[in-house]
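In the numbering used here, the protein residues as written are 334 to 1218.
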């Protein structure tokens, strides 16, 4: 009771102190005991740290994020603030104290977790509110209609949450609203026409919801609108021609919907438009004549994935400000007009029906993708920035076959000149055709002769040996003689997943809509990937391997892999279709969240700083899942397997962000392994430079670990493409990034952390730990990189990597007090092949155990005893890594 009584008088005491401060010259002070009490309640309910909101200091001048005016609180920002431990354990939408701030103008909790729903009283009590920012705050439930009562509201940010239900029509009452951002939620229903009454709106963002129905033509009355983003919904009908009235519009994004019809001619009135995205819809017909002449400010135009046809416009391609132009996966036809592109412009014309002779621009400094068309002849002005595969060109690799090209040109009453004598691919195919019969006959008769001889020898030997054994057993009466007494190698676990179901080609056509361009996911290095649905609605991904382009039998190697290896961390293989000679189809279960690239690219591709990122808990979960998959391949398979294509696009994610490792067509047995005969059909390739892209990396576990280290850096920094590329720019970025990772300085890592991540002290330590693990994986010396099983253990216990354990955790320590779990995963460096050579002179075995990186640390003996330094080495190990950067 005494404590409660003292608490009642606390605001009065504090106010007296504030009055004293005012007399001493303090600029701003709080003169409302009600608001002071409300601040204390808010501090307690949100679990804010005393360091940010110190109870003994003036809130108006010393509390982070609190802004006062005339002795009243007018602004509260908790975005970026850290919680106490108890606050982190039980975050909730506990902001009832806000109702006491009758002068509050702004409340910003962007990125601050507030699980729960928005209360109705928001619109009834916060009558002065002008800015409400609750982006990425884990809010659920519907948008309360009471928000329509906030008559002074100018900015409403609710994106990146899990809001459900329909958009309330009451939003149309917010006549002063300038920004409305409801993107990346779970909203359903249609776009309410009453939005057209928001005459002061400059930004309308409703992307990535489940909105349906047509686009309301009334939006065209919002004459101040500068950004309209309705992408990634299920909007139907045609694009309203009335949108051409939005003359102040800078960005128009209608991509990833189900819009149909022609591209409205009236859109050419958008004279200030800089970016237009209407890709991945069902638009049809040609581009309107003189459509882009009035769009003088246009820099980005994306029309990919539609059904547009006709010829490309010369004036459009020579647009003075155009920097990015993508019309891939449409039905454009005719020749490519000559044009002079803007400097460093990017053009994508792939997968259309363009044909004729090709003259590339002499001044092409950017890049141009012309793949998947029907251009013929010889490229006159060859550019190293041009992609030309899948055409009918002479002297170029990876072109279509003669039959496809001839059929295309004859169907249009055009002349196909054919492949001239100098085409190396055509010469090779002709040579193969001329000698195929010869090889078949020689192989057939030679094989038959060999079989006859072997059978004759076996019959003779079996009769001779049978008599000898029978006589010997009869005389000695010692029982049966063993078949042989030579010891066999110990067998490791072998898992048989089978080859899955056998599908018909008709099923595959029906599943993918005849392999429609709308269902094309991407062009993979081992085949094109299509999305589809099996009977019963099961979503799948189908890999279409074109045997004309891929001469090696990658599909059979992948089947070998799945027939011998099975693990929950590998992408589920469902079946195959081998009915056609020229195409082989492999069927996998579809992963709802795509790959890691898809989950991170919104951050890198969007110019909006407010795009929601994967939170740290999910990123750590992804890292652990990928490490589990690689640890299985390296340490549990017999013989050990190497993935050889570890990058962000290989890490697939299911609906719960559980990892399913994909891109398995490059997997092979570890080079030099003594059990290589077990996987005789898995491919081997020569060693080359350290790269992570498929087909060029050596078959070594240390290379997988190097590439995995780059994936970890992508998770920490949000920087895309690092695990895919190995160019000079990437190396320079890696050098700069690694210089900011030190086991001695936690704060240094904040310079490289993804700015979209909201992390507190504990999470920062986990980020720091993952950065340290990544740096150890990227050690320039392959023999000094940790084994994957140590990496997995470190990721599962990240805080132990960077924290010194107390004496109570002595089980993790040895005799030296300087040793800590923080360097445990570096202990494997002591057992590289080079180290073993120095210590034992053998380079292959030590104490009856194979311990080099050459075998991925796989133990083929029954002994599992380890040296103490392997479990807990000296922390000096990591200091050596830092000295190398």
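Glycine is no exception: its CB is placed at the ideal position from the N, C-alpha and C atoms.
Distance between residue j and residue i (C-alpha atoms, nearest Å)
i: residue 406; j: residue 442; result: 16 angstroms
i: residue 851; j: residue 965; result: 36 angstroms
i: residue 1094; j: residue 577; result: 50 angstroms
i: residue 469; j: residue 446; result: 8 angstroms
i: residue 1075; j: residue 574; result: 57 angstroms
i: residue 833; j: residue 584; result: 47 angstroms
i: residue 1107; j: residue 1034; result: 15 angstroms
i: residue 1103; j: residue 657; result: 36 angstroms
i: residue 437; j: residue 608; result: 37 angstroms
i: residue 382; j: residue 416; result: 6 angstroms
i: residue 361; j: residue 392; result: 9 angstroms
i: residue 841; j: residue 726; result: 30 angstroms
i: residue 616; j: residue 639; result: 5 angstroms
i: residue 518; j: residue 1109; result: 39 angstroms
i: residue 435; j: residue 400; result: 14 angstroms
i: residue 439; j: residue 1045; result: 37 angstroms
i: residue 531; j: residue 462; result: 17 angstroms
i: residue 460; j: residue 952; result: 39 angstroms
i: residue 514; j: residue 552; result: 15 angstroms
Best match in the options for proximity to residue i [C-alpha to C-alpha]
i: residue 501; options: 521, 493 and 494; result: 521
i: residue 465; options: 488, 453, 474 and 452; result: 488
i: residue 472; options: 493, 461 and 457; result: 493
i: residue 620; options: 608, 650 and 998; result: 650
i: residue 477; options: 1128, 977 and 499; result: 499
i: residue 924; options: 862, 1000 and 367; result: 862
i: residue 425; options: 985, 449, 506 and 409; result: 449
i: residue 612; options: 372, 602, 384 and 595; result: 595
i: residue 1055; options: 982, 988, 615 and 1073; result: 982
i: residue 986; options: 978, 733, 1067 and 957; result: 957
i: residue 915; options: 592, 733, 752 and 462; result: 733
i: residue 592; options: 567, 490 and 606; result: 567
i: residue 474; options: 668, 496 and 554; result: 496
i: residue 452; options: 428, 463 and 444; result: 428
i: residue 549; options: 1125, 524 and 858; result: 524
i: residue 729; options: 377, 707, 1112 and 736; result: 707
i: residue 999; options: 458, 718 and 974; result: 974
i: residue 1227; options: 648, 420, 386 and 876; result: Here the chain has residues from 334 to 1218 only, and residue 1227 is not among them.
i: residue 874; options: 454, 926 and 514; result: 926
i: residue 610; options: 602, 587, 627 and 623; result: 587
i: residue 1089; options: 969, 663, 1117 and 933; result: 933
i: residue 667; options: 742, 867, 408 and 988; result: 742
i: residue 554; options: 542, 565, 541 and 537; result: 537
i: residue 877; options: 1127, 857, 636 and 871; result: 857
Inter-residue CB distance, residue i and residue j (contact presumed, cutoff 8 angstroms)
i: residue 559; j: residue 535; result: 5 angstroms
i: residue 563; j: residue 539; result: 5 angstroms
i: residue 456; j: residue 480; result: 5 angstroms
i: residue 641; j: residue 665; result: 7 angstroms
i: residue 544; j: residue 561; result: With 8 angstroms as the limit, residue 544 and residue 561 do not qualify as a contact, their Cβ atoms being about 13 angstroms apart.
i: residue 721; j: residue 711; result: Between residue 711 and residue 721 the Cβ distance is about 11 angstroms, and since that is not below 8 angstroms, they are no contact.
i: residue 404; j: residue 363; result: 6 angstroms
i: residue 702; j: residue 681; result: 5 angstroms
i: residue 570; j: residue 547; result: 4 angstroms
i: residue 631; j: residue 606; result: 6 angstroms
i: residue 1037; j: residue 979; result: 5 angstroms
i: residue 995; j: residue 904; result: 4 angstroms
Sheet register partners of residue i (DSSP bridge)
i: residue 448; result: Bridge partners of residue 448: none, in fact.
i: residue 690; result: 709
i: residue 618; result: 641
i: residue 910; result: 918
i: residue 475; result: 497
i: residue 561; result: 537 and 585
i: residue 720; result: 702
i: residue 834; result: 908
i: residue 609; result: 585 and 634
i: residue 993; result: 985
Test: residue i CB closer than 8 angstroms to a CB of chain D
i: residue 433; result: Among the chains in the structure shown there is no chain D, since it carries only a single protein chain.
Return the chain-ordered ranges of every alpha helix (DSSP H) run that is complete within the region 1032-1100 and spans a minimum of 4 residues.
1034-1050 and 1061-1071
Every unbroken alpha helix (DSSP H) inside the region 382-417 [4 residues or more]:
392-395
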